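S.K.: First, the structure itself, so that you have it in front of you.
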Amino acid sequence: MSGPEGPVPAPGLRARVWRAVREGNSVVVTLLAMFASVIVGGVLISVSDKATIAASKYFFSYPWDTFSAAWHATSRAYLALFEGAIFNPSSLATGSISTILYPLSETIVNATPLILAGLSVGIAFRAGLFNIGGQGQIIFGAVLAGYVGFAWHLPVGVHVLVAVLAGLVGGALWGGLAGWLKARTGAHEVITTIMLNYVAYYALSFLLSVQGFQRPPYQQAISNQVDANARLPHLLGPDLRVHAGIFVALAAAWVTWWLLERSTIGFQLRAVGANPNAARTAGMSVERSYFLVMLVAGGLAGLAGAMQILGTNSAITQDIDAGIGFDGITVALLGLGRPGGAVLAGLLFGALRAGGVQMQSRTGTPIDLVVVIQSLIVMFIAAPPLVRAIFRLRSRDRAGIGSELAKGWNG
Amino acid sequence: MKNSVRVMALLGVVALAAAGCGSKPSSSGTSSSAAAPASSAASSAPASSAAAALNACMVLDVGGVDDRSFNESAWKGMTDAKAANSAISISYVSSSSQNDYTPNLNAEVAKGCNTTIAVGGLMTDALKAVATANPTKQFAIIDSATGQPNVYGIQFNTAQGAFLGGYLAAAITKTGKVATFGGLNIPPVTIYMDGFWEGVQYYNKVKGKSVQVLGWNEKDQKAGTFANSFTDQGKGRQVSQAFIQQGADVIFPVAGGTGLGAGAAAAASGGKVSVLWVDTDGCISAPQYCPYFVSSVVKNIAKAVTTYVTGAASGSYPTGSYIGTLANDGTGLAPFHDWASKVPASVQSELDQIKQQIISGAIPITSPSQPK
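Which chain is which? The protein sequence lines are A and B, in order.
Under my numbering, residues 1051 to 1461 are what the first sequence spells out, in order.
Under my numbering, residues 6 to 377 are what the second sequence spells out, in order.
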């Protein structure tokens, strides 16, 4: 997204940076959107803080009390968020490496499935499809990966590979089904993927009551536990939860990038996404592209499901999806539908989730605040004119980042 | 347009001024009170309390602290414990999905909690791992037990309480048909339905009657009527209407908030149909339907939590595990409230006798879902 240079001779670096800031290119808008979300989040923390509410009752006699209480609550909450996600200075005193790295480990654990779900939604975006079926695809991926994980007993190394592949296949089948329906019958993917979410959710509900899937003595709606051989290996010892899944996510991001930007298939997908009619006239099969992209998108979401069951958790329950299917949409939007963007956005949201746990535990700020901040970031990004208006940036071109959002509905 | 904006702004200022005109409380510690633990319930804990102070924390399951059920009862146990002993400081974190179980438990341990209570059997795996990694810390878990020395299992044999409920329902039905439905076909739900079914069978045996149970049969654990939801009141009402059409006049919903639909159906019947509530005393948790609640089969999570926490605060952590029964008031029937005059005294005394017989073992409970 480079601006129109025009006839002006190439300006120096400083001038270019200043121009980017003044006109608001996509990176600047993204950063400003985050900044605005943090401010709004801070206001929400303050107005829900008991001390601030108490002080505001006598605001006109001692206004300073209100501000200091609000500042105190907000800074405490954000400090805990940071310390839970990146680095906690007090951990240095313990001298233990795993205590120091714990926040980063948690961030990566949370980011891994988010990156994969973001890639899934992002690649479908590029072909002009809106994949809202992440939830169902994750559930199916997790069910297959989990089943292979606890019902089969394979040697070390082989087992985890087969289980991850099973997750890929499970998601691809579920996503491919929606793509096939779209290609063959023209059924809108938004409708079919949402409906397939319900089917997957209730199929899982049924499976959790079936002997052979449910865990004896059948006291809870929880599946058998996957074998130790099928679990993704921990990278930094048993005390830290960070597991090899992050490499799966990064590899998937690279493959997605290569597929989109370097392969013939990717060119066709992007052409179909830009204008299906033109692509058809050019001799490309639009139907084949729809089927293929949903197959790949489903596979990526299925991998996210595999991370959930082989990495983060060790048994399937009803909420194995953990909202990641829908968070994938926000990750893809923040990542501008690009694989690299999905990695960065996934890490950011992973950090927010990891930090949110500490924030809730230490300051009592509800963890829902993290969801609000995430949503605000995406909302600001989806409406670049809003951010430009707030920060008084010159509007540059009409088709901003938000136009990515609307694309999916054309199909 | 501009004028209306000005008027609105003026109104806003007036409203703010009205709200902010109070005077500052005389206590000098107001501005520093923000430094107290922000967790609402812990805010009054003195920082310099005695050495015996106990920091008790709770990790809630999905649903939140105000779910009118499970999480809420568990948290009430904590607030009751604090009311009984002010040296206890309490706090909770809630989970938004199963992904949060392990990080939440770890965060509570790292925060310095002396004991952490996990609410919900689904947390068993996560708690087992965290308890192994922190052998010097104490834990408790509701609706499960891990067998570890530092984990206190809190479970409930609600089939015993539901047995009394089934007997009561069979004794007051006029149509000879009673009904029950569950939220999901999982043992913590079906154990109630088993007990209810057994209670009705027992009534038939001793009275020579043939009261029918719709919606559940203990001998066929895979069948039965389920709403597949713990929140959908509409579904609960629909299921209840179907039972009423089949002739049932006492309904026992075991489905959390979905059961409120049974209350609505009973209200619509104009008093012909009554409801036996579950988990909590219905006249307290859903007072709008109190006239239709014969009684409630309660699961006394709050009391079990309070006992554990106050026991821990007095210096010794309870060991082993706790199973809530009729004998220790962990389960049982709630008061009759509006129905106290409508339930015959003979039935009330029979219920007392049966309770004693279940406690003594003279009446065996056969539900396969009972905790061991």
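From the three backbone atoms N, C-alpha and C, an ideal C-beta is built for every residue, glycine too.
Remember, it's a predicted structure, so these values are computed and weren't measured experimentally.
Who are the neighbours of R1412(A) on chain B, taking C-beta pairs under 7 Å?
M.R.: Looking up residue 1412(A) in the first sequence gives position 362. The answer, in chain order, is K116.
S.K.: Name the chain B residues whose beta carbon is nearer than 8 Å to that of A1365(A)?
M.R.: For the purposes of this step, residue 1365(A) is taken as the residue at position 315 of the first sequence. Chain B residues near A1365(A): D130.
S.K.: Give the list of continuous alpha helix (DSSP H) stretches no shorter than 4 residues that lie fully inside the segment 1304 to 1369 of chain A.
M.R.: With a minimum length of 4 residues, the continuous alpha helix (DSSP H) runs that stay inside the segment 1304 to 1369 of chain A are 1314 to 1324, 1326 to 1331, 1336 to 1357.
S.K.: Please list the terminal residues of the continuous beta strand (DSSP E) segment that includes K304(B).
M.R.: Your numbering for residue 304(B) matches position 299 in the second sequence. 298 to 304 is the span of the beta strand (DSSP E), which, as asked, contains K304(B).
S.K.: Which bits of chain A does N305(B) rub up against, with CB to CB less than 7 Å?
M.R.: In the second sequence, the residue the question calls residue 305(B) occupies position 300. Going along chain A, no residue has its Cβ under 7 Å from N305(B), so there is no contact; the nearest lies around 19 Å.
S.K.: How should H1203(A) be labelled, buried or exposed, when 16 other C-beta atoms within 10 angstroms of its C-beta is the threshold for buried?
M.R.: Looking up residue 1203(A) in the first sequence gives position 153. Flag for H1203(A) reads exposed.
S.K.: Does the segment 1251 to 1264 of chain A touch the segment 1212 to 1230 of chain A, meaning 3 or more C-beta pairs lie closer than 8 Å?
M.R.: No, the segment 1212 to 1230 of chain A is not in contact with the segment 1251 to 1264 of chain A.
S.K.: By DSSP, does A123(B) sit in helix, in strand, or in coil?
M.R.: Your numbering for residue 123(B) matches position 118 in the second sequence. Of the three classes helix, strand and coil, the one that applies to A123(B) here is strand, per DSSP.
S.K.: Just to confirm before moving on: does the CB-CB distance between I1370(A) and A1354(A) stay below 8 Å?
M.R.: Taking the first residue of the first sequence as 1, we reach residue 1370(A) at position 320. Taking the first residue of the first sequence as 1, we reach residue 1354(A) at position 304. The answer is no: Cβ separation not under 8 Å.
S.K.: I'd like to check one pair, F1117(A) with G1352(A): are the Cβ atoms closer than 8 Å?
M.R.: Here residue 1352(A) is taken as the residue at index 302 of the first sequence, counted from 1. Here residue 1117(A) is taken as the residue at index 67 of the first sequence, counted from 1. Not a contact, by the Cβ cut-off of 8 Å.
S.K.: Closer than 8 Å between beta carbons: that is the criterion. Which residues of the segment 1153 to 1185 of chain A meet it against chain B?
M.R.: Listed in sequence order: E1156, N1160.
S.K.: With 8 Å set as the bound, which would you pick, yes or no: does the beta-carbon of Y1268(A) sit closer than that to a beta-carbon of chain B?
M.R.: As a position in the first sequence, residue 1268(A) is number 218, starting the count at 1. Chain B, which has a Cβ nearer than 8 Å to the Cβ of Y1268(A), makes this yes.
S.K.: Cβ of F1137(A) within 8 Å of Cβ of P1153(A)?
M.R.: For the purposes of this step, residue 1137(A) is taken as residue 87 along the first sequence, with counting starting at 1. For the purposes of this step, residue 1153(A) is taken as residue 103 along the first sequence, with counting starting at 1. Yes, these two residues count as a Cβ contact at 8 Å.
S.K.: Return the bridge partner residues of D284(B) from the DSSP annotation.
M.R.: Reading the second sequence from its first residue, position 279 is the one you call residue 284(B). Looking at the DSSP assignment, D284(B) forms a beta bridge with V303(B).
S.K.: Going by beta carbon distance, what residues of the same chain come within less than 7 Å of D1277(A), once the five residues before and after it are set aside?
M.R.: Counting from one through the first sequence, the residue named residue 1277(A) turns up at place 227. Hits under 7 Å: G1199, F1200, H1203, H1209.
S.K.: If we define contact as Cβ-Cβ less than 8 Å, is N162(B) a contact residue for chain A?
M.R.: Taking the second sequence and counting its residues from 1, one reaches residue 162(B) at position 157. No, no contact with chain A.
S.K.: Can you give the Cα-Cα distance for A52(B) and M83(B), rounded to whole angstroms?
M.R.: Locating residue 52(B) in the second sequence gives position 47, where the first residue counts as 1. Locating residue 83(B) in the second sequence gives position 78, where the first residue counts as 1. Note that A52(B) has pLDDT 39, beneath the 50 cutoff, so the model's placement of it is unreliable and no number is given.
S.K.: Given a cut-off of 8 Å on the beta-carbon distance, is the pair Q1368(A) and A1192(A) in contact?
M.R.: The residue given as residue 1368(A) occupies position 318 in the first sequence. The residue given as residue 1192(A) occupies position 142 in the first sequence. Not a contact, by the Cβ cut-off of 8 Å.
S.K.: Can you tell me whether N109(B) is helix, strand or coil according to DSSP?
M.R.: The sequence position of residue 109(B) within the second sequence is 104, counting from 1. N109(B) falls in the helix class under three-state DSSP.
S.K.: For F1175(A) versus A1395(A), is the C-beta spacing smaller than 8 Å?
M.R.: Walking along the first sequence from the start, residue 1175(A) turns up at place 125. Walking along the first sequence from the start, residue 1395(A) turns up at place 345. No, these two residues do not count as a Cβ contact at 8 Å.
S.K.: At what residues does the alpha helix (DSSP H) containing I1103(A) begin and finish?
M.R.: Position 53 of the first sequence holds residue 1103(A). From DSSP, the alpha helix (DSSP H) with I1103(A) extends over 1100 to 1106.
S.K.: Any beta-carbon of chain B closer than 8 Å to the one on D1006(A)?
M.R.: Chain A is shown only over 1051 to 1461; residue 1006(A) falls outside these bounds and no answer can be derived.
S.K.: Using 8 Å as the threshold, is the segment 170 to 184 of chain B in touch with the segment 210 to 226 of chain B, meaning 3 or more CB pairs across them?
M.R.: Flag = yes, the segment 170 to 184 of chain B and the segment 210 to 226 of chain B touch.
S.K.: I'd like the list of long-range same chain contacts for A89(B), defined as Cβ closer than 8 Å, with 5 residues on each side in sequence excluded.
M.R.: Against the second sequence, residue 89(B) aligns to sequence position 84. Result list for A89(B): T311, T315, in chain order.
S.K.: Identify which residue in V303(B), V278(B), G276(B), K277(B) has its Cα closest to the Cα of I289(B).
M.R.: The count along the second sequence starts at 1 and reaches residue 289(B) at position 284. Selected option, being the one with the closest Cα: V303(B).
S.K.: For the beta strand (DSSP E) that I93(B) lies in, which residues bound it at each end?
M.R.: The count along the second sequence starts at 1 and reaches residue 93(B) at position 88. Segment 93 to 99, the beta strand (DSSP E) holding I93(B).
S.K.: Hey, how far is the Cα of S54(B) from the Cα of S1425(A)?
M.R.: As a working mapping, residue 54(B) is identified with position 49 in the second sequence. As a working mapping, residue 1425(A) is identified with position 375 in the first sequence. At S54(B) the pLDDT is 39, less than 50, meaning the model places this residue with poor confidence and gives no usable figure here.
S.K.: Along the segment 1278 to 1303 of chain A, what residues have a CB closer than 9 Å to any CB found in chain B?
M.R.: Residues P1288, D1289, R1291.
S.K.: DSSP state of G337(B), grouped into three classes?
M.R.: On the second sequence, position 332 is the one that residue 337(B) refers to. Note: G337(B) maps to strand in three-state DSSP.
S.K.: Anything in chain A within Cβ reach of N190(B), meaning under 8 Å, just list it in chain order.
M.R.: Translated into the one-based positions of the second sequence, residue 190(B) becomes position 185. The contacting residues are S1259.
S.K.: If you compare alpha carbons, which of G170(B), T137(B), S102(B), F248(B) is closest to Y208(B)?
M.R.: Along the second sequence, one-based indexing puts residue 208(B) at 203. It is G170(B).
S.K.: Return the CA-CA distance between D85(B) and T1162(A), expressed in angstroms with no decimal places.
M.R.: Locating residue 85(B) in the second sequence gives position 80, counting from the first residue. Locating residue 1162(A) in the first sequence gives position 112, counting from the first residue. Using only the alpha carbons, I get a separation of about 41 Å.
S.K.: Out of Q103(B), I191(B), E223(B), which one is the CA nearest neighbour of G204(B)?
M.R.: Locating residue 204(B) in the second sequence gives position 199, where the first residue counts as 1. For the residues Q103(B), I191(B), E223(B), the minimum Cα distance to G204(B) belongs to E223(B).
S.K.: If we ignore side chains and look at the alpha-carbon of each, how far apart do A1101(A) and A1119(A) end up?
M.R.: For this step, residue 1101(A) is matched to residue 51 along the first sequence. For this step, residue 1119(A) is matched to residue 69 along the first sequence. If I take the Cα positions, the gap works out to 6 Å.
S.K.: Please list the terminal residues of the continuous beta strand (DSSP E) segment that includes L59(B).
M.R.: Taking the first residue of the second sequence as 1, we reach residue 59(B) at position 54. It spans 59 to 65 - the beta strand (DSSP E) in which L59(B) sits, taken as one unbroken run.
S.K.: So, is the C-beta of Q1408(A) closer than 8 Å to a C-beta in chain B?
M.R.: By 1-based counting over the first sequence, the position of residue 1408(A) is 358. So yes, Q1408(A) belongs to the interface.
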